[in-house]
Amino acid sequence: MYLFYFFAAVLVFLGYKSLRGGIDYLRFFRSELAAPVSGFSPPASVIAPCRGLDQDLRENLAALFRQNYPRYEIIFVVDEVGDEAAEVIGELIGKQNEREAERRPGKGFLKTPDIFPSVAARLVVAGKARGEGQKVHNLRRAVGEVRSDSEVLVFVDSDARPGPDWLRSLVAPLEDGETGCATGYRWFVPERGGFASHLRAVWNASIASALGSNERKNFCWGGSTAIRTDLFAELEMAEKWRGTLSDDFALTRALHSAGRPIRFVPGCLTASVEDCTFGELLEFTNRQMKITRVYAPHLWKASLIGSLIFTGTFWAGVALLFFISGPAFWITGALLLIVLALGVGKAHLRLKAVKMILRDHQKELNRSFPWQISLWVLTPALYFFNCFSALLSNEILWRGIRYKLESPEETVVMNDDPVKN
Numbered sequence: 001m002y003l004f005y006f007f008a009a010v011l012v013f014l015g016y017k018s019l020r021g022g023i024d025y026l027r028f029f030r031s032e033l034a035a036p037v038s039g040f041s042p043p044a045s046v047i048a049p050c051r052g053l054d055q056d057l058r059e060n061l062a063a064l065f066r067q068n069y070p071r072y073e074i075i076f077v078v079d080e081v082g083d084e085a086a087e088v089i090g091e092l093i094g095k096q097n098e099r100e101a102e103r104r105p106g107k108g109f110l111k112t113p114d115i116f117p118s119v120a121a122r123l124v125v126a127g128k129a130r131g132e133g134q135k136v137h138n139l140r141r142a143v144g145e146v147r148s149d150s151e152v153l154v155f156v157d158s159d160a161r162p163g164p165d166w167l168r169s170l171v172a173p174l175e176d177g178e179t180g181c182a183t184g185y186r187w188f189v190p191e192r193g194g195f196a197s198h199l200r201a202v203w204n205a206s207i208a209s210a211l212g213s214n215e216r217k218n219f220c221w222g223g224s225t226a227i228r229t230d231l232f233a234e235l236e237m238a239e240k241w242r243g244t245l246s247d248d249f250a251l252t253r254a255l256h257s258a259g260r261p262i263r264f265v266p267g268c269l270t271a272s273v274e275d276c277t278f279g280e281l282l283e284f285t286n287r288q289m290k291i292t293r294v295y296a297p298h299l300w301k302a303s304l305i306g307s308l309i310f311t312g313t314f315w316a317g318v319a320l321l322f323f324i325s326g327p328a329f330w331i332t333g334a335l336l337l338i339v340l341a342l343g344v345g346k347a348h349l350r351l352k353a354v355k356m357i358l359r360d361h362q363k364e365l366n367r368s369f370p371w372q373i374s375l376w377v378l379t380p381a382l383y384f385f386n387c388f389s390a391l392l393s394n395e396i397l398w399r400g401i402r403y404k405l406e407s408p409e410e411t412v413v414m415n416d417d418p419v420k421n
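Just so it is clear: in the sequence shown, position 109 is 109 by the numbering used here, and no numbers are missing.
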């Protein structure tokens with residue numbers, strides 16, 4: 001019992017720190033949203049690597065054309081012409097070209113409420129990757145295609161659905177020349193719901209809330225990152241990506257090594273509107289932790305130890321309640337209730353902060369509230385399973401391609417199957 005009390009006290013302490021982190025998270029969101037809007041908006045190149053059909057892919061990619069930004073280009077990149085995403089991209093580019101034609105002198109303007117802003121868009125075919133991740137290969141190919149006058153590179157994932165001010169907000173922090181990059185993060189928004197979809201959303205939420213005001217500890221998320229073109233070249237990032245699988249981990253390491261801060265932009269939190277099966281949940285979470293073990297082993301170890309302590313202590317306490325009585329029962333129950341209250345408080349604050357950004361998804365976020373304040377109790381067990389899986393294997397399946405992660409600089413492409421998702 002004394003051993004349990006010791007570890008339960010540790011959980012209470014960690015829960016208190018986590019709740020304090022939730023308060024800081026909400027405060028940071030409020031201060032950032034209240035800050036004056038910067039007018040910094042140099043020519044930018046938005047690079048969107050695609051493979052296969054994400055859920056609601058058309059809506060996700062169409063959002064890139066609707067950015068409140070004066071001058072930018074979109075470079076879509078796929079590995080082969082026959083990719084299913086290429087057809088969707090072609091239709092969107094064709095629609096954009098038709099609208100631009102209507103704006104030419106003498107043609108006037110379309111009188112529709114969803115006019116696309118003036119933006120150039122094109123599709124690049126990168127070819128198959130050899131010895132590196134397909135996404136990294138696509139990015140390295142696309143970077144070589146940007147306009148010569150582009151001052152900012154912006155990377156976005158095809159499963160993200162950014163709001164109209166996303167690009168302006170993401171680029172604005174780069175006005176400070178000392179800033180390394182600006183980044184957002186994903187927030188899973190289950191469309192139809194289901195246990196697996198909500199569990200993935202809660203699992204991912206704990207990572208989202210790790211970003212904040214501490215620019216030296218922040219990390220890049222490849223699904224929403226902006227960096228100055230000259231700094232990208234100075235870091236020799238295209239070469240440092242060679243042989244890697246994780247574009248964001250590699251960029252984070254390069255920026256930390258160069259002493260460049262990473263700015264998290266709450267307004268660039270983007271919704272990933274999709275559902276998943278339980279198998280897809282495990283595939284996604286295992287993949288994330290296997291990548292983490294290779295690229296950031298210290299984070300993997302911390303996750304392994306932390307998830308083991310929480311899972312072992314909390315559920316041992318629940319089991320003890322069936323076998324003990326008297327003062328020990330009440331002390332154990334009180335400790336568990338404190339841990340639960342602290343966790344529920346953190347989840348509530350985190351969701352409250354996110355709702356300030358994802359205003360177009362209020363209905364879905366309100367519906368997810370019971371899941372957010374309850375399923376966090378299960379995510380440490382899932383994290384432990386993911387960490388243990390990463391210990392047993394360094395192979396992952398990502399968009400139909402199986403990889404073996406030999407090291408941060410060495411990736412083996414084991415097979416490449418068509419993506420039909």
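Quick reminder that beta carbons are idealized off the backbone N, C-alpha and C, glycines included. Note that the structure is a prediction, hence the values are computed from the model and not measured.
Item: CB-CB length for G172 against F40, believed under 8 Å; Value: Checking the sequence, you will find Ala at residue 172 rather than Gly. That belief holds up - the Cβ atoms of A172 and F40 are roughly 5 Å apart, short of 8 Å.
Item: Supposed contact pair V202 and T379 - C-beta distance, whole angstroms, cut 8 Å; Value: 6 Å
Item: Spatial neighbours of K346 in its chain, beta-carbon cut-off 6 Å, leaving aside the 5 residues before and after; Value: S18, L19 and G22
Item: Whole-angstrom distance between S307 and Y423, CA atom to CA atom; Value: This structure leaves residue 423 out entirely; the chain is present only between 1 and 421.
Item: Neighbour-count burial assignment, P49, 16 or more Cβ in a 10 Å radius; Value: buried
Item: C-beta atoms of T292 and F384 nearer than 8 Å; Value: no
Item: Coarse secondary structure for A238, derived from DSSP in three states; Value: helix
Item: Spatial neighbours of L235 in its chain, beta-carbon cut-off 7 Å, leaving aside the 5 residues before and after; Value: A254 and A258
Item: Close beta carbons around S246, own chain, < 6 Å, minus the five adjacent residues each side; Value: I291 and Y295
Item: Cβ-based neighbour list, R359, same chain, cut-off 7 Å, excluding 5 preceding and 5 following; Value: none
Item: Buried or exposed (CB count within 10 angstroms, at least 16 for buried), F155; Value: buried
Item: Beta-carbon proximity check, Q96 vs A121, cutoff 8 Å; Value: yes
Item: Three-pair Cβ contact test at 8 Å for the segment 61 to 70 versus the segment 156 to 168; Value: yes
Item: Three-state secondary structure (DSSP) of C268; Value: strand
Item: Status (buried if at least 16 other CB within 10 Å, exposed otherwise) for D176; Value: exposed
Item: Euclidean distance between Cα positions of E32 and P190; Value: 26 Å
Item: Coarse secondary structure for K217, derived from DSSP in three states; Value: coil
Item: Nearest residue (CA-CA) to P266, options L26, F13 and D230; Value: L26
Item: According to DSSP, residues forming a beta bridge with W187; Value: A271
Item: Separation of R402 from A319, as counted between CA atoms; Value: 40 Å
Item: Rounded distance between the beta-carbons of V46 and L231, thought under 8 Å; Value: Incorrect: roughly 17 Å between the Cβ atoms, too far for contact.
Item: Per-residue burial, K128 [other beta carbons within 10 Å of its own, 16 or more giving buried]; Value: exposed
Item: Proximity of Q44 and V124 at Cβ, strictly below 8 Å; Value: The identity of residue 44 in the sequence shown is Ala, whereas the question assumes Gln. No; because the gap between Cβ atoms is not below 8 Å, this pair is not in contact.
Item: Nonlocal neighbours in the same chain, by C-beta distance under 8 Å from L349, ignoring five residues either side; Value: L19, G22, I23, Y25 and L26
Item: Reference C268, options R186, T285, F219 and W330, closest by Cα; Value: R186
Item: Neighbourhood of G243 by C-beta, 8 Å cutoff - its chain only, sequence neighbours within 5 removed; Value: G131, E132, E409, E410 and T411
Item: Whole runs of the alpha helix (DSSP H) within the segment 269 to 344, excluding any shorter than 4 residues; Value: 278 to 295 and 297 to 320
Item: Buried versus exposed call for V273 [16 or more other C-beta atoms within 10 Å across all chains shown]; Value: buried
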